[in-house]
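Residue numbers (our numbering), protein chains in the order written: chain U, -12 to 124; chain A, 51 to 616.
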């Protein structure tokens, strides 16, 4: 039997903008996933540790403070250090177009910008996690 | 959640029957037979049901003398001043701050040269959270979302060549508000400007931090004591200063409805007054220094109604609870900012139009000052060109539209007065609920307003997904073609390194004896719950950093952690 997808929704750094992350967390939960929300002001280390302890399939990182070019790569780096190659890293927030390619190179698979629909995010997480598990979505 | 009576609008209310006379009703039925109504249910952005027509029937028992009065007269529905914009226009106050103190000082001079009439400072995240720029959690954040101010050294540069005795300055800072305000006072003192001449506002609204904005430093009760401490000092030493800006803006941006924004903000205000009075302050001395700050969103009439209702409710509640003899204690004076959350990254030029409509609503709502957002703010902090356009939007409304030439021109509109009444009714339901819990501090500690907002924001997102609420460029009229690209502001990555260098230098060069004594006195005052503002001022003069002073407060009062509701 397939176990439900487990997602850690996270806020790293000092950013307090949390409307988006909570709406997405709620939508993923309503879509049948197990969602852990870290709350705001987490260190990258704490985010990765939570994902490890929760045996998460995915980390969804939200950032609207402009610190994405440090915090996203830092989370990706820590995930590599911990051998979490099978865990999906995606994100969303106020991220300028020009920064997205760079973040993808660091291992952030997908960035959702303002205006993304919940339906789109749910579908993406289902498919991307299934791919990593080697299962059909 | 069954059995819970929710005062908010998360559960849509049924459409109201509207009796407009049998003849008109028949004509209406016939008309919609031919042209069916565009929606199954009409409601405002915040889900107040909207009927097809409003008449005197919708205002049963409406007494204009009692409900509206005259501008500048109780209950101030029509405005806090008798002449409103015929004498002086609202203050055009653009919120600005990015990079280093030098960068932001240059932007301030640019804005003043282009006609802003008040300054408003945006600090970066480390400053807002009371952390030094070299704190591990500050990495990547220095100068990003606002200007980095770590000590008096930065404050001097930030306001260099700005006439502090003439321009009023607003500072959006909360947890460490007193510490940063003290640095501003110390900078003015060095330039020989007496405190009595300084005008401005510190946001200093801790309650909405737990409710919405999440820039807290200590738990709720000690945070309230810090706010009351600034009331005491301000009323005595800096009489032209607003020592709190009770803010609905962040509550709304966190996803609340207009009714929740209105209710939670005014109830926050009433809680500050309660704490001030309990601490022995005279309501006639400090309540006139309370100012407000509201969001102004897309639903035009709902927003105008919100501002009018806010004035009426504040006057009535203050009168009922405290009977102040100083009339100024009854006035709900407010700043407004257009809704950042309403802007879209898609088709960004549409944002110019949204901002114009929202700004118009704020003016027709009778705001005292206004910030208009820039079209590029879903990408980054605004460029100089984008800010200029946002400011010009206000200037066009002020000088070309004519809406400020008479006071409260929309008064008496059946629909608007109906909505204004609805806003007041909704406030009363929340008031009874929260008063029943023992007030806002108790409600916040229970997570009540936090959860109400989460419900409302999720409900709204669902309405967008279902296309019950339309956002142009998002769920209707979506462009497949390449989006219009707007230029965005980039922050120099060197800012963080230079800021750390400057703070290191400040620490190395300051008088260690004076610094140590100031810090020890601060710790002693915090521990004994004595007056803190004089200590923060001495710490500023002794070149103590924001982060180290906040650390003292955390050592004494403890820290607050996000309960992580969702």
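For glycine and all other residues, C-beta sits at the position ideal for the given N, C-alpha and C.
Check                                                                                                                                                                         : Outcome
Measure the C-alpha to C-alpha separation of residue 52(A) and residue 190(A) and round it to an integer number of angstroms.                                                 : Note that residue 52(A) has pLDDT 37, beneath the 50 cutoff, so the model's placement of it is unreliable and the number below is only indicative. Cα to Cα, the separation comes out at about 45 Å.
Using a Cβ-Cβ cut-off of 8 Å, state whether residue 189(A) counts as contacting chain U.                                                                                      : yes
With a threshold of 7 Å on Cβ separation, who are the neighbours of residue 65(U) within its own chain once the five nearest residues in sequence on each side are excluded?  : 31, 32, 35
Please return the same chain residues whose Cβ sits closer than 7 Å to the Cβ of residue 525(A), not counting the five positions on each side in sequence.                    : 514, 517
Just mark residue 57(A) as buried or exposed, buried being the case when its beta carbon has 16 or more other beta carbons within 10 Å.                                       : In this predicted model, residue 57(A) has a pLDDT of only 47, less than 50, meaning its place in the structure is not dependable; the value taken from the coordinates is given anyway. The residue is buried, with at least 16 neighbouring Cβ atoms inside 10 Å.
If you check the beta carbons only, do residue 155(A) and residue 229(A) fall under 8 Å apart?                                                                                : no
What is the C-beta distance between residue 225(A) and residue 180(A), in whole angstroms, given that I count them as a contact (C-beta under 8 Å)?                           : 5 Å
Of all Cβ atoms in chain A, is any one closer than 8 Å to the Cβ of residue 88(U)?                                                                                            : no
Distance cutoff 8 Å, beta carbons only. Does residue 487(A) sit that close to anything in chain U?                                                                            : no
Would you call the segment 273 to 290 of chain A and the segment -6 to 13 of chain U in contact, with 3 or more CB pairs under 8 Å?                                           : no
Where residue 164(A) and residue 133(A) are concerned, what is the direct C-alpha to C-alpha distance, given to the nearest angstrom?                                         : 26 Å
Is residue 77(A) buried or exposed, if buried means 16 or more other CB atoms sit within 10 Å of its CB?                                                                      : exposed
Residue 40(U) lies in the alpha helix (DSSP H); which residues open and close that run?                                                                                       : 31 to 40
Residue 438(A) by DSSP, collapsed to three states: which one?                                                                                                                 : helix
DSSP three-state call for residue 260(A): helix, strand or coil?                                                                                                              : helix
Return the residue from the list 250(A), 560(A), 113(A), 506(A) that minimises the CA-CA distance to residue 341(A).                                                          : 250(A)
Using the beta-carbon of each residue, which ones in chain U are nearer than 8 Å to residue 511(A)?                                                                           : 10, 14, 105
Please report how far the alpha carbon of residue 351(A) lies from the alpha carbon of residue 408(A), in whole angstroms.                                                    : 10 Å
Could you name the residues of the segment 33 to 60 of chain U whose beta carbon sits closer than 9 Å to any beta carbon of chain A, in the order they occur along the chain? : 51, 52, 53, 54, 55, 56, 57, 58
For residue 465(A) versus residue 109(A), is the C-beta spacing smaller than 8 Å?                                                                                             : no
Given this structure, state the Cα-to-Cα distance separating residue 475(A) from residue 58(U), to the nearest angstrom.                                                      : 45 Å
Would you decide whether residue 59(A) is buried or exposed? Buried here means 16 or more other CB atoms lie within 10 Å of its CB.                                           : Here residue 59(A) scores only 45 on pLDDT, less than 50, and its place in the model is too uncertain to base an answer on.
Among residues of its own chain, excluding the 5 on either side of residue 283(A), which ones have a beta-carbon nearer than 6 Å to its beta-carbon?                          : 583
Can you tell me whether residue 615(A) is buried or exposed, with buried defined as 16 or more other CB within 10 angstroms of its CB?                                        : exposed
Under 9 Å Cβ-Cβ, which residues of chain U neighbour residue 176(A)?                                                                                                          : 1
Would you kindly check if the distance between the Cβ of residue 305(A) and the Cβ of residue 507(A) is under 8 Å?                                                            : yes
To which residues does DSSP link residue 336(A) through a beta bridge?                                                                                                        : Per DSSP, none; premise fails for residue 336(A).
For residue 54(U), which of helix, strand or coil comes out of DSSP?                                                                                                          : coil
Considering Cα atoms alone, identify which of 432(A), 529(A), 567(A), 485(A) is closest to residue 83(U).                                                                     : 432(A)
Tell me the start and end of each unbroken alpha helix (DSSP H) in the segment 215 to 292 of chain A that is at least 4 residues and wholly inside, in chain order.           : 227 to 240, 270 to 287
Using a Cβ cut-off of 8 Å, pull out every chain A residue sitting near residue 81(U), in sequence order please.                                                               : 428, 429, 430
Would you tell me roughly how many angstroms separate the C-alpha atoms of residue 481(A) and residue -10(U), rounded to the nearest one?                                     : 45 Å
Is residue 394(A) close to chain C? Criterion is C-beta to C-beta, closer than 8 Å.                                                                                           : Protein chains in the displayed structure are U and A, and chain C is not among them.
With 16 as the cutoff for other CB atoms within 10 Å, does residue 114(U) come out buried or exposed?                                                                         : exposed
If I'm right that residue 25(U) touches residue 45(U) with Cβ under 8 Å, what's the distance once you round it to whole angstroms?                                            : Not a contact, Cβ separation roughly 13 Å.
What is the rounded straight-line gap between the Cα of residue 96(U) and the Cα of residue 48(U)?                                                                            : 11 Å
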